[in-house]
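Colleague: Can you keep this structure in mind? I'll have questions shortly.
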């Protein structure tokens, strides 16, 4: 039997329609038509504007009859639309009173905040027609992807090795050899590489639709086109970036991304999205009308009492995340990505903003963060906060967690960088960082700590050991942009050199960094390309570069194969040893009654760590019998770190009889003696001690 | 778009010529689904298909799901490189057995 609501009740200029359903928001396929639903707290009238795909002028503008509004929601079902060739937007009428935060302008055609696909930037880098009055255009999407048996992997947090990547940079370089460089499809062709490396989670930098031409400018000296390359500037929170899809020109970006997620899952790799809810692409009062500003400015943005935009994000505006309406949009968005795209986790850019009230003050119990933590759809998703914002709120260690939220541990990054470059007096702090920062996350456990030494923001690992100072001239901002405090050390020469001694030291320092990162408690995150020594030529803020500065050079897979091999072996070592991946903090006690504490600290002398102000040496031992509170059995692991410029003899703690120390990694040894795969570790010749070379790390396994 | 059906012993050969998009996919779907009976063996000859939109891909998958739910089999033959690429990166190709030629497709089902 047919439903009675599949028949039109109204007609306007040849278009047939009827009252719609307020839920769900956005444009949704229904029998015979499309249900359009949109809301505004302050508008007085709303008009649906329909376009033939790509046409500058609308084909029809259907005003919502008054009876089609329920509360603040306008909804309408329009029949017989060509699903693939229709674009839509809205006009809103309402007060113009900027001093009161109201900026309605019915001359603007506005993008649906819930648009699930957005046209207008279909192919990356194709210059837009700026005369077109409607730049970013809502499109209709079939949400009917065939997932077969796939569902989010739910890999335990403690078992993750995260790989932070930029979708385009990963395969855009001609050396990638993929059929569709710089796309979701390109990543799919490189899954074997990721799998062999051993990472089991990719965290994609923003993939919500953005405009690479936003703030588009040319370099003042070179004339090179500069882009909004990273995409931390969202146009619509429900739409994947078309220009990242090989099929974006066909409007199939939704299917292409879902197919990628499905294939990554099939290979045991989770997918995290870097999401940017702290601001939008609309800038401040001088910025363009795209969507929110013209639909309900006062609701979506944090405004000063005079109606100007608060700027806690450093980008002109701040999304009003703890307004209940905005909060529910954020929740709808994440539920959509978790359920429709099977996304495994989210990393929230400048997440501290999400904890501010509508006037900017930090909330003790932020309702948005709480809602996300307790949401049933998101219940198994990983939630990771960048626990600071551009307004000066720094919450690393104190971000409201509700037992769910992990954090990018900026203190881990800073401490490990300083220790590795040889600063004295870091040993005491390193104890905390290597244990998963129990000083910061006492009740939350080590999995609250996303450990990283490098991320997209800042130097790559190669550049961290090759430059003392940032070199951002190519950004066209006079080298004023980007962080000044990098805790980097160039190993005695700024930039590339032919000096074999310096190059060997740099290589060792990179291996030291990986060895420390991959033997720390907590969740390691690796920056794309660091495993093959990708360089940004000293640029520590490459947000605008669609070129070799950003693109991963796949030629380095062979030219830096020793580093890649080292990293692969260390990741394999981490996966092989649950004692490195504890869910709860180590105690220093022997819960398994094996005669050794779960973790013990050592130095040049066994059982006697030097935590004084001059120390540059440190070692720890994990007893496998105590792995995961004694729940699983593992080998002993011993890690000795020497960031001093002289070699040191480290006395080794004695193993139970019958067990021997074997070498899993030694950054001081030339490849291939620098790392061994699990099962191939050679027995250490002297079981009583080991010489750790200058600025070197040794990893031993006792079995 | 034009759809022709011929029968070679127990195999239905469906030859599609032209563009499959939102306006033509329903017709193709209707004709293909009309052939579905338990254990049906269907070859879809795509040699003459010059363009397939998202609706076209969905039509193919609906056909696949319908046929396989009745223990039948579908083979695609003659996909152009471009169509194959599109189907591959959007995940649709994963469902199908594909052969280059009609003969090979028939051999697959024989």
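Residue numbers (the numbering used here), protein chains in the order written: chain D, 1 to 703; chain L, 1 to 110.
We put the CB at the ideal spot given by N, CA and C, even for glycine.
Remember, it's a predicted structure, so these values are computed and weren't measured experimentally.
Given a cut-off of 8 angstroms on the beta-carbon distance, is the pair residue 540 of chain D and residue 483 of chain D in contact?
Modeller: Yes. Within cutoff.
Colleague: Compare the C-alpha of residue 357 of chain D against each of D:666, D:327, D:532, D:11 and name the closest.
Modeller: Measuring from the Cα of residue 357 of chain D, the nearest candidate turns out to be D:327.
Colleague: Which partner residues of residue 87 of chain D appear in the DSSP bridge assignment?
Modeller: D:51, D:139
Colleague: Quick one, are the C-beta atoms of residue 331 of chain D and residue 300 of chain D less than 8 angstroms apart?
Modeller: no
Colleague: Could one say the Cβ of residue 613 of chain D lies closer than 8 angstroms to chain L's Cβ atoms, at least one of them?
Modeller: no
Colleague: Residue 185 of chain D touches chain L at which residues, Cβ-Cβ below 9 angstroms?
Modeller: 85, 88, 89, 90
Colleague: So which residues of chain C does residue 250 of chain D contact, with C-beta pairs closer than 8 angstroms?
Modeller: No chain C is part of this structure, whose protein chains are labelled D and L.
Colleague: How many Å lie between residue 108 of chain L and residue 40 of chain L at the Cα?
Modeller: 13 angstroms
Colleague: Could you work out which residue in D:116, D:110, D:412, D:473 is closest to residue 221 of chain D when comparing CA atoms only?
Modeller: Nearest of D:116, D:110, D:412, D:473 to residue 221 of chain D, Cα basis: D:473.
Colleague: List the residues of chain L whose Cβ lies closer than 7 angstroms to the Cβ of residue 259 of chain D, in chain order.
Modeller: Chain L residues near residue 259 of chain D: 89, 90, 91.
Colleague: Nearest-angstrom Cα distance between residue 88 of chain D and residue 302 of chain D?
Modeller: 27 angstroms
Colleague: Do you know offhand how far residue 458 of chain D's Cα is from residue 486 of chain D's?
Modeller: Straight-line Cα distance between these residues: approximately 7 angstroms.
Colleague: Residue 549 of chain D: which of D:173, D:250, D:242 sits nearest, CA to CA?
Modeller: The shortest Cα separation from residue 549 of chain D among D:173, D:250, D:242 belongs to D:173.
Colleague: If you run the structure through DSSP and keep just helix, strand and coil, what is residue 309 of chain D?
Modeller: Looking at residue 309 of chain D - three-state DSSP - the assignment turns out to be strand.
Colleague: In whole angstroms, give me the CA-to-CA distance for residue 426 of chain D and residue 210 of chain D.
Modeller: 41 angstroms
Colleague: For chain L, is any of its Cβ atoms less than 8 angstroms away from the one on residue 247 of chain D?
Modeller: yes
Colleague: I want to verify the contact list: residues of chain D whose CB lies under 8 angstroms from the CB of residue 99 of chain L, in sequence order.
Modeller: For residue 99 of chain L, none of the residues of chain D pass the 8 angstroms Cβ criterion, the least Cβ distance being about 21 angstroms.
Colleague: Output needed in chain order: residues of the stretch 75-106 of chain D with a Cβ under 8 angstroms from some Cβ in chain L.
Modeller: If the cut-off is 8 angstroms between Cβ atoms, the stretch 75-106 of chain D has 82, 83, 84, 85 near chain L.
Colleague: Is residue 102 of chain L close to chain D? Criterion is C-beta to C-beta, closer than 8 angstroms.
Modeller: no
Colleague: Determine the closest residue to residue 616 of chain D out of D:129, D:593, D:646, with distance taken between C-alpha atoms.
Modeller: D:646
Colleague: Buried or exposed, going by whether 16 or more other CB atoms sit within 10 Å of the CB of residue 112 of chain L?
Modeller: Residue 112 of chain L lies beyond the stretch modelled for chain L, which goes from 1 to 110, so this question has no answer here.
Colleague: Note down, in chain order, all residues in the stretch 61-82 of chain L with a beta-carbon under 8 angstroms from any beta-carbon belonging to chain D.
Modeller: Contact residues of the stretch 61-82 of chain L toward chain D are 61, 65 (C-beta to C-beta distance below 8 angstroms).
Colleague: Per DSSP, what kind of secondary structure is residue 97 of chain L in: helix, strand or coil?
Modeller: strand
Colleague: If we define contact as Cβ-Cβ less than 8 angstroms, is residue 21 of chain L a contact residue for chain D?
Modeller: Nearest CB-CB separation between residue 21 of chain L and chain D: below the 8 angstroms threshold.
Colleague: At the level of alpha carbons, what is the spacing between residue 83 of chain D and residue 72 of chain L?
Modeller: 30 angstroms
Colleague: With distance defined between alpha-carbon atoms, name the residue in D:598, D:149, D:490, D:125 nearest to residue 249 of chain D.
Modeller: D:125
Colleague: Which whole-angstrom value describes the C-beta separation of residue 523 of chain D and residue 577 of chain D, a residue pair presumed to lie in contact below a C-beta threshold of 8 angstroms?
Modeller: That pair is no contact at about 15 angstroms.
Colleague: Starting from residue 45 of chain D, follow its DSSP beta bridges and name the residues at the other end.
Modeller: D:93, per the DSSP bridge assignment.
Colleague: Decide yes or no for the touch test of the stretch 143-150 of chain D against the stretch 270-278 of chain D: beta carbon pairs closer than 8 angstroms, at least 3 of them.
Modeller: no
Colleague: Indicate whether at least one CB of chain L lies closer than 8 angstroms to the CB of residue 467 of chain D.
Modeller: no
Colleague: Which chain L residues sit within Cβ distance under 7 angstroms of residue 256 of chain D?
Modeller: 89, 90
Colleague: How far does the alpha helix (DSSP H) with residue 68 of chain L in it extend, from its first residue to its last?
Modeller: 54-69
Colleague: Closest Cβ-Cβ distance between residue 180 of chain D and chain L: below 8 angstroms?
Modeller: yes
Colleague: Helix or strand or just coil, what does DSSP make of residue 40 of chain D?
Modeller: In the structure shown, residue 40 of chain D sits in coil (DSSP, three-state: anything other than H, G, I, E or B).
Colleague: Leaving out five residues before and five after residue 717 of chain D in sequence, what residues of the same chain have Cβ atoms less than 7 angstroms from its Cβ?
Modeller: Outside the displayed span of chain D (1 to 703) sits residue 717 of chain D, for which this structure offers no information.
Colleague: Looking only at its own chain, which residues have a Cβ that is under 8 angstroms from the Cβ of residue 644 of chain D, when we skip the five neighbours before and after it?
Modeller: The answer, listed in chain order, is 422, 616, 617, 694, 695.
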